[in-house]
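Residues -19 to -1, 1 to 166, numbered by mature numbering (1 follows the signal peptide of the UniProt record, and there is no 0), are exactly what the sequence shown covers, in order. Virtual Cβ for every residue (Gly too), placed ideally from N, Cα, C.
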Amino acid sequence: MSGATQLLIYLTLISTTTAKESFRIAGIVSTDENGRALEDAVKRANADMPPNLELQSLYIKMDANPIRSALNLCDHIISQGVHTVIVSKPENSDISPPISVSYTCGFYSIPVIGISARDSSFSDMTVHKTFLRTVPPFFHQADVWLKMLNSIQGRTLEQTTDPGPPFHVNTRRDLIESEYSVRVV
């Protein structure tokens, strides 16, 4: 039985009982403003919950150091008995501490919702067992652009030097040129 099915059965049972149940949602966010937004969203969601069900929220700020992020997760989040973790990436950083959060939560079987993790490594479910991404990895985005270019019969792809994450053109140049008949310049 999948985790989603178990959760649905559990929530159905809870909604038919009179005992008060609480679910803790943790956020590992880049700014205090985002943490307060999580708290506000949980407060609004509680207005629509059955009387015997309550959502609780807590958050910590993401540390740019992945090891420190995992330690903070254990000390301040997992120790509080959370049921799920929502994670973003640190502000102004290309480092990916969500990886350490995903590993740590996976060890404890705590679901992780990544709201900004676009690294393709998060698609490996053998490593990131409990990770759910809300944005596609970059290589999927690159494939969409290439298919669109191919459908309009574009024949040249001009690579730019974007300060952001790579478009994966260099690593896939041969595939792009052979499969899509597109010249990379």
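Using the DSSP secondary-structure output, state which residues sit across from residue i in a beta bridge.
i: I59; result: In DSSP, I59 forms no bridge with anything.
i: S3; result: E35
i: T65; result: I6
i: residue 179; result: Outside the displayed span of the chain (-19 to 166) sits residue 179, for which this structure offers no information.
i: K42; result: V10
Assign residue i to buried or exposed, taking buried as 16 or more other Cβ atoms, counted over all protein chains shown, within 10 Å of its Cβ.
i: C55; result: exposed
i: N53; result: buried
i: G8; result: buried
i: Y89; result: exposed
i: I80; result: buried
i: S38; result: buried
i: I58; result: buried
i: A51; result: buried
i: I(-11); result: exposed
What number of angstroms, rounded off, separates the C-alpha of residue i from the C-alpha of residue j?
i: P92; j: K128; result: 33 Å
i: T85; j: S132; result: 42 Å
i: F43; j: P32; result: According to the sequence displayed, residue 43 carries Met and not Phe. The alpha-carbon atoms of M43 and P32 are separated by roughly 33 Å.
i: V23; j: H64; result: 14 Å
i: R114; j: A(-1); result: 33 Å
i: G16; j: G87; result: 22 Å
i: G96; j: V10; result: Here residue 96 is Ile; the residue named in the question, Gly, does not match the sequence. Near 10 Å, if we compare the C-alpha coordinates of V10 and I96.
i: L34; j: A45; result: 35 Å
i: K70; j: F4; result: 24 Å
i: L19; j: R49; result: 22 Å
i: T111; j: S83; result: 7 Å
i: D21; j: D13; result: 12 Å
i: T(-15); j: P47; result: 32 Å
i: R25; j: G62; result: 22 Å
i: T(-8); j: I41; result: 30 Å
i: D29; j: V68; result: 24 Å
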